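**Student:** Here it is, the structure in full.
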Amino acid sequence: MKQIEHTTLITVYEHNNELAAADAELLQRSKQAMAHSHSPYSHYPVGAALLLEDGTIVEGSNQENASFPLGLCAERTALANSAINHRGKAVKAIAVSVGTEVAAPCGMCRQALLEQESIQDTPIRILLRGGDETVYAIGSVKELMPLPFYSKNLR
Ligand SMILES: [Zn+2]
302 MKQIEHTTLI TVYEHNNELA AADAELLQRS KQAMAHSHSP YSHYPVGAAL
352 LLEDGTIVEG SNQENASFPL GLCAERTALA NSAINHRGKA VKAIAVSVGT
402 EVAAPCGMCR QALLEQESIQ DTPIRILLRG GDETVYAIGS VKELMPLPFY
452 SKNLR
């Protein structure tokens with residue numbers, strides 16, 4: 302028998318002045334993207350911003366529906382926005398902002414981000430900001446996904 306331990310290193314920034322300028326800008330764009338949220342049911346707007354390899358920033362926001370399962374999270378609308386408008390460009394980082402305490406991507410979004418990370422074969426940094434300006438930074442999607450399910454599992 303053996304045991305496998307999975308650890309996640311999270312860097313916590315409690316003040317904006319601790320952030321690198323590029324991270325602060327990406328987080329600000331994700332906060333601005335909250336304004337485009339369609340969340341009349343949950344009243345929980347979420348904004349996301351992707352930093353692409355060429356410096357482009359792509360936004361997303363959660364889009365809900367009266368038929369609840371049809372709703373899309375901010376992370377996945379940002380990924381779709383990038384796939385359509387900036388095809389083939391690697392994602393260096395994603396910032397996600399909410400108005401409450403820091404919230405991590407849901408399981409479906411982690412899987413979607415993992416797919417992107419797997420395709421581009423470089424890590425995607427994750428920056429999570431809550432309403433009190435606290436920021437959590439994680440080095441890659443893999444750190445949030447122990448025992449991930451990859452396309453290679455289908456072979
Ligand atoms: Zn999600």
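Numbering (our numbering), first residue to last: 302 to 456. Where is the CB? At the ideal position from N, CA and C, for every residue including glycine. Keep in mind the model is a prediction, meaning the values are calculated, not measured.
Rank I439, I311, T435, Y342 by C-alpha distance to the C-alpha of L373 and give the top, closest one.
**Tutor:** Of I439, I311, T435, Y342, the residue nearest in Cα terms is Y342.
**Student:** Determine the extent of the alpha helix (DSSP H) in which I482 is found, giving its start and end residues.
**Tutor:** Any question about residue 482 goes unanswered here, given that the chain covers just 302 to 456.
**Student:** Using the beta-carbon count (16 or more within 10 Å), is N318 buried or exposed?
**Tutor:** Taking all protein chains shown into account, N318 has fewer than 16 neighbouring C-beta atoms within 10 Å of its C-beta and is therefore exposed.
**Student:** Between T435 and the rest of its own chain, which residues show a CB-CB distance below 8 Å, the 5 nearest in sequence each way excluded?
**Tutor:** V313, Y314, E315, E402, V403
**Student:** Can you tell me where the beta strand (DSSP E) holding L352 begins and where it ends?
**Tutor:** 347 to 353
**Student:** Looking only at DSSP bridge pairs, what is I427 linked to?
**Tutor:** I395, I439
**Student:** What are the partner residues of S362, as DSSP defines its beta bridges?
**Tutor:** When beta bridges are read from the DSSP output, S362 appears opposite G348.
**Student:** Within this structure, are the beta carbons of V397 and A375 separated by less than 9 Å?
**Tutor:** yes
**Student:** Would a check of beta-carbon distances place T435 closer than 9 Å to chain C?
**Tutor:** Here there is only one protein chain, and chain C is not present.
**Student:** Could you check whether T423 and A391 sit closer than 9 Å to each other, using their CB atoms as the reference points?
**Tutor:** For A391 and T423, yes; Cβs fall inside 9 Å.
**Student:** For the putative contact between L352 and L327, defined by C-beta atoms under 8 Å, what is the C-beta separation to the nearest angstrom?
**Tutor:** Yes, they are in contact, since the Cβ atoms of L352 and L327 sit about 5 Å apart, within 8 Å.
**Student:** Leaving out the 5 sequence neighbours to the left and right, which residues in its chain are closer than 7 Å to A325 when beta-carbon positions are compared?
**Tutor:** N317
**Student:** Would E418 pass as a contact of L310 if the rule is Cβ separation under 9 Å?
**Tutor:** no
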